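Heads up: the sequence shown begins at 5 in the numbering used here, then just goes up one per residue. Glycine residues also receive a C-beta, built at the ideal position from the N, C-alpha and C atoms. From a predicted model like this one, the values you see are computed outputs, not experimental measurements. Here the structure comes first, spelled out in structure tokens, and everything after it is commentary.
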Amino acid sequence: MVLSLDRVRVMGVVNVTPDSFSDGGRLATPAAAIAHGRELVEEGADIVDVGGESTRPGAAPVDEGEELRRVVPVVEALAPHVRVSVDTSKAAVARAAVAAGATMLNDVRASLHEIAAELGVGWVAMHMAGEPSTMQVDPHYDDVVGEVCDFLRDRLAVARAAGVEEVWVDPGIGFGKTTAHNLSLLRHLDQVVALGAPVVVGTSRKAFLGAVLGRSDGLDGPAPVDDRLEGSVATAVWAMTVGAAMVRVHDVLACRQAVAVVAE
Ligand code: HH2
């Protein structure tokens with residue numbers, strides 16, 4: 005199944021993890037994650053993205069068995085109701101999730117193109133500089149937009165050569181990037197769109213929004229995660245306006261309504 009691109013899609017996030025940066029621990033059991041996924045479907049998610057390993061800055065890796073235990077029952081329960089992507093970098097988890105009904109690999113390390121081709125599923129290639137455990141330690145680029153575009157262009161080429169039919173690209177907001185890098189990528193998102201593949205953007209509740217907004221009580225420091233809804237909605241709308249085809253969000257209803265109004 006390939007998504008038609010006649011309107012912007014909303015990918016809702018279901019993190020079956022104890023440590024995700026915004027919803028970690030809330031959905032730590034498969035039952036809680038399934039219930040949340042169903043809510044996101046009711047709120048209008050076009051795709052639900054199920055992940056069993058946090059990739060927030062500093063996150064510790066999760067072993068394969070644990071990731072399988074977290075992800076597979078949730079994919080199985082949601083796949084009859086909505087298109088499901090699996091947020092994983094592990095081949096075995098990708099295979100098991102597809103066997104359970106997932107039809108897209110959301111690949112933050114952009115390395116599973118051969119498996120996507122073999123399984124005949126969609127593939128999201130995201131840019132990340134380094135690894136989550138250290139990626140926010142002094143990230144450096146000479147030209148962040150150019151380097152991210154070069155990386156995604158290369159991934160597009162390898163995916164096409166491998167025979168992946170449905171390829172998405174994602175600049176990887178927050179993955180080895182400072183606030184200035186993230187803002188620059190959003191400002192120049194048209195260059196990512198110009199690569200010619202549909203673009204996914206994930207800004208939802210991320211730290212750069214907290215840094216831009218600051219605390220609402222006037223004290224020093226970033227806006228906490230729960231105060232980033234408006235920034236998340238605003239950047240989702242910005243991304244679609246510049247040409248993104250999908251936004252990856254936690255707050256599905258608010259973002260879906262916002263992009264729907266702007267699309268009119
Ligand atoms: N961001 C996160 C995880 N996966 N995938 C894509 N394609 N694009 C993104 O921007 C992206 C992603 C991080 O957000 P979240 O899933 O909420 O947090 P965590 O990694 O801590 O589980």
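- Run through DSSP, which three-state label would D50 get? On the sequence shown, residue 50 is found 46 positions in, with the first residue counted as 1. Note: D50 maps to coil in three-state DSSP.
- Task: Would you mind stating whether E170 and V125 have Cβ atoms separated by less than 9 Å?
- Result: Sequence index remark: in the sequence shown, residue 170 carries index 166 (1-based). Sequence index remark: in the sequence shown, residue 125 carries index 121 (1-based). Cβ atoms of E170 and V125: closer than 9 Å.
- Inter-residue spacing [alpha-carbon to alpha-carbon] between V78 and P226: Start at 1 with the first residue of the sequence shown, and residue 78 comes out as number 74. Start at 1 with the first residue of the sequence shown, and residue 226 comes out as number 222. Taking the straight line joining both Cα atoms gives about 33 Å.
- Message: Suppose you measure from the CA of A103 to the CA of A120; what does that come to, to the nearest Å?
- Response: The residue labelled residue 103 in the question sits at position 99 within the sequence shown. The residue labelled residue 120 in the question sits at position 116 within the sequence shown. Whole-angstrom Cα-Cα distance: 12 Å.
- Query: Mind checking T245: buried by the 16 CB within 10 Å criterion, or exposed?
  - Reply: By one-based count along the sequence shown, residue 245 stands at place 241. Looking at its Cβ environment, which holds fewer than 16 other Cβ atoms inside 10 Å, T245 is exposed.
- Item | Sequence ranges, alpha helix (DSSP H) only - wholly within the stretch 166-248, length at least 4 | 183-191, 193-197, 211-217, 233-246
- Give the secondary structure of D255 by DSSP, where H, G and I count as helix, E and B as strand, and everything else as coil. If you number the sequence shown from 1, residue 255 lands on position 251. Note: D255 maps to coil in three-state DSSP.
- Query: To which residues does DSSP link M108 through a beta bridge?
  - Reply: One-based indexing of the sequence shown puts residue 108 at position 104. DSSP, once it has assigned bridges, lists S89, G126 as partnering M108.
- Message: Can you check which of these residues, R87, V97, A64, is closest to R74 by C-alpha distance?
- Response: Translated into positions along the sequence shown, residue 74 becomes position 70. If we check each option's Cα against that of R74, V97 comes out closest.
- Task: Assign M5 to one of two classes, buried (16 or more other C-beta atoms within 10 Å of its C-beta) or exposed (fewer than that).
- Result: Translated into positions along the sequence shown, residue 5 becomes position 1. Here M5 scores only 42 on pLDDT, less than 50, and its place in the model should not be relied on; the value that follows carries that caveat. Answer is exposed; the Cβ neighbour count stays below 16.
- Under 8 Å from any heavy atom of the ligand HH2, does the C-beta of M108 make it? Here residue 108 refers to the residue found at position 104 of the sequence shown. No.
- Item | Sequence-distant residues of its chain with Cβ nearer than 6 Å to Q140 (five each side left out) | In the sequence shown, counting from the first residue as 1, residue 140 sits at position 136. Answer for Q140: P61, listed in chain order.
- Task: Drop a sphere of 10 angstroms on the beta-carbon of S137, count the other beta-carbons inside from all chains shown, and report buried for 16 or more, exposed for fewer.
- Result: In the sequence shown, counting from the first residue as 1, residue 137 sits at position 133. It is exposed - the Cβ of S137 has fewer than 16 other Cβ atoms within 10 Å.
- Residue burial classification, H254 (beta-carbon count within 10 angstroms, cutoff 16): Within the sequence shown, numbered from 1, the residue matching residue 254 stands at position 250. Buried, by the Cβ-count rule.
- Query: Which same chain residues, not among the five before or five after H144, have their C-beta less than 6 Å away from its C-beta?
  - Reply: Counting from 1 along the sequence shown, the entry for residue 144 is found at position 140. Closer than 6 Å at Cβ, skipping near neighbours: no residue.
- Can you grab the Cα-Cα spacing for the pair A258 / V237, in whole Å? If you number the sequence shown from 1, residue 258 lands on position 254. If you number the sequence shown from 1, residue 237 lands on position 233. Taking the straight line joining both Cα atoms gives about 7 Å.
- Item | Reduced DSSP secondary structure (H/G/I, E/B, other) of V66 | Within the sequence shown, the letter at position 62 stands for residue 66. In this structure, V66 counts as coil in the three-state DSSP scheme.
- CB of R87 to nearest heavy atom of the ligand HH2: below 8 Å? For this step, residue 87 is matched to residue 83 along the sequence shown. It does not: the Cβ of R87 is nowhere closer than 8 Å to a heavy atom of the ligand HH2.
- Item | Backbone secondary structure at V20 - three-state DSSP | Position 16 of the sequence shown, counting from 1, holds the residue named residue 20. Coil.
- Three CB pairs or more closer than 8 Å across the stretch 149-159 and the stretch 173-185: yes
- Message: Looking at the secondary structure, which residues open and close the alpha helix (DSSP H) in which V97 lies?
- Response: To locate residue 97, count along the sequence shown from 1; it is residue 93. From DSSP, the alpha helix (DSSP H) with V97 extends over 95-103.
- Item | Proximity test, G55 beta-carbon vs the ligand HH2 heavy atom, cut-off 8 Å | In the sequence shown, the residue the question calls residue 55 occupies position 51. Yes, the Cβ of G55 comes within 8 Å of a heavy atom of the ligand HH2.
- Item | Local conformation of M5 per DSSP, three classes | For the purposes of this step, residue 5 is identified with residue 1 of the sequence shown, where counting begins at 1. Residue confidence is low: M5 scores 42 on pLDDT, short of 50, so the model does not pin down where it sits. No coordinate-derived value is stated.
- Task: Report the partner residues of M15 according to the DSSP bridge assignment.
- Result: Here residue 15 refers to the residue found at position 11 of the sequence shown. For M15, which the question treats as bridged, DSSP gives the partners I51, R252.
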